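Engineer:
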Amino acid sequence: MAELKARRAPFVKATVVRARRPTSAHPGDTALVLADGNMEGFVGGTCAEATVRRYGLETLQTGEPLLLRISPDKTGEPVVEEGAVEVGNPCLSGGELEIFLEPVLPAPKVLVLGDTPIGRHLVALGPGLEYDIQAVAAHEVKAESLDGVAAVVVASHGRDEEPLLTLAVRAGVPYVGLVASRKRGEAVLASLDLTPEQRARIRTPAGLEIGARTPGEVALSILAEIVTSVRSEPPRTGGHTGVTENTAPAPTTAVDPVCGMTVAAVDSTPHIDLEGKRWWFCCEGCRAAFESDPARYTGAGAH
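Numbering (UniProt numbering), first residue to last: 1 to 303.
1) For the beta strand (DSSP E) holding K183, just list the boundary residues, first then last.
2) Could you give the C-beta distance for I222 and V169, rounded to a whole number, given that I count them as a contact under 8 angstroms?
3) Where A31 and V80 are concerned, what is the direct C-alpha to C-alpha distance, given to the nearest angstrom?
4) Between the segment 33-47 and the segment 260-268, do three or more beta carbon pairs fall short of 8 angstroms?
5) Quick one, are the C-beta atoms of A219 and H121 less than 8 angstroms apart?
6) If you count every other CB in all the chains shown that lies within 10 Å of the CB of R7, and 16 or more means buried, which is it?
7) Report yes or no: do three or more beta-carbon pairs, one from the segment 134-150 and one from the segment 186-196, lie closer than 8 angstroms?
8) Given that a residue counts as buried once 16 or more other Cβ atoms are within 10 Å of its Cβ, and exposed if not, what is M261?
9) Give a yes or no on contact between the segment 102-109 and the segment 126-134, applying the rule of three or more CB pairs nearer than 8 angstroms.
10) In the DSSP output, what is E284 paired with across the bridge?
11) Looking at C259 and residue 365, is the spacing between their C-beta atoms short of 8 angstroms?
12) Can you name the start and end residues of the alpha helix (DSSP H) that K142 belongs to?
13) Please return the same chain residues whose Cβ sits closer than 8 angstroms to the Cβ of R182, not counting the five positions on each side in sequence.
14) Return the first residue and the last residue of the alpha helix (DSSP H) that L122 is part of.
15) Need the endpoints of the alpha helix (DSSP H) that P215 sits in, please.
16) Alpha carbon to alpha carbon, how far is F281 from L67?
17) Can you tell me whether L274 is buried or exposed? The criterion is at least 16 other CB atoms within 10 Å of its CB, across all chains shown.
18) What number of angstroms, rounded off, separates the C-alpha of D29 from the C-alpha of E86?
19) Could you check where the beta strand (DSSP E) with T23 kicks off and where it finishes?
20) Measure the C-alpha to C-alpha separation of R296 and Y55 and round it to an integer number of angstroms.
21) Looking at the unbroken alpha helix (DSSP H) that takes in G41, where does it start and where does it end?
22) Any idea if R159 is buried or exposed, counting beta-carbon neighbours within 10 angstroms, 16 or more meaning buried?
23) Identify the continuous alpha helix (DSSP H) that holds V169 and give its terminal residues.
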């Protein structure tokens, strides 16, 4: 997990919290569901793994943890409750599993321009909120380095402001803030080679109105405004707002034509291409059954 976190790669930690025999998994067994659907670890057989993959990828999109109950006796549509879902799994060996799915998303990344008191306070506040706040120099920031960035704050008090503001807005960074008085901020915005709509995306004076006076208080107000931006935006693929690197598109689902299970339609799920169509399966056993007699199953399950 440490390596994934270091690479800012989103993943889901799946932990078996309850197992009713007969089942091959035991409480405490864990696996990681990666953004491309690949899994590392063990939380049950291949059919249970298929269900964990499907719902793990869904929690990676929502960012919310989920208790997954898998039962061979459950029929019909999944039963969804707050924070939990119960699904049927006809492949299970007769036991039941409860698996806790915990998405682990990269910390929102914030870039701060300006070796100033406000800039330094912003960087210092990051660890307490588990935000990745980095001080940068203007020449270090390129368009590609803004991928996955949740916020850019320009707090350089007149130095190298315009290029970074323009770059951040054009790159689609969700929050762009300029530390300046209202009058100076308006003058800076007017000088930018941006459309009126693009200029309107820049927050200046940056920060919520909390009566801040000291550099630390101003930094706190800016960070509060960034948190508001991060939490109010719809979840993006793989995690917090502004987190886009190392993620895969939101998965679609398909029905296994052999057993009827709904599975994630991703490359790591067993599949077959037949006559221009792709067929998805919960496990290698179902794929082998399909291969032995495709005509028996081709009435359902195409994606």
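All residues carry an ideal CB built from backbone N, CA and C; glycine is no exception. Note that the structure is predicted; figures quoted are calculated from it, not measured.
Structural biologist: Quick look at the numbers:
1) Counting along the chain, K183 sits inside no beta strand (DSSP E); it lies in the alpha helix (DSSP H) bounded by residues R182 to S191.
2) Contact doesn't hold; Cβ gap of about 17 angstroms is too wide.
3) Looking at the two C-alpha atoms, the distance is approximately 23 angstroms.
4) Taking one beta carbon from each stretch, the segment 33-47 and the segment 260-268 have 3 or more pairs nearer than 8 angstroms; the two touch.
5) For A219 and H121, yes; Cβs fall inside 8 angstroms.
6) Using a 10 angstroms sphere on the CB of R7, the tally of other CB atoms stays under 16, which defines it as exposed.
7) In the pairwise beta carbon analysis, the segment 134-150 is classified as not touching the segment 186-196: fewer than three pairs are separated by under 8 angstroms.
8) M261 sits buried, since 16 or more C-beta atoms from the chains shown fall within 10 Å of its C-beta.
9) Counting Cβ pairs under 8 angstroms, three or more are found: they touch.
10) None, per the DSSP bridge assignment.
11) Here the chain has residues from 1 to 303 only, and residue 365 is not among them.
12) Note, K142: premise wrong, no alpha helix (DSSP H); not H, not E.
13) Closer than 8 angstroms at the Cβ level, and outside the excluded window around R182, lie T204 and P205.
14) Note, L122: alpha helix (DSSP H), P117 to L129.
15) DSSP places P215 in the uninterrupted alpha helix (DSSP H) bounded by P215 to S232.
16) Computed Cα separation, rounded: 23 angstroms.
17) Exposed is the call here.
18) Approximately 19 angstroms, taken between the alpha carbons.
19) Counting along the chain, T23 falls outside any beta strand (DSSP E), and DSSP gives it neither H nor E.
20) Distance between the alpha carbons of R296 and Y55: 29 angstroms.
21) Looking at the DSSP string, G41 is not in any alpha helix (DSSP H); the run it does join, the beta strand (DSSP E), is M39 to G41.
22) By the neighbour-count rule (16 or more Cβ atoms within 10 Å), R159 is not buried but exposed.
23) From DSSP, the alpha helix (DSSP H) with V169 extends over E161 to R170.
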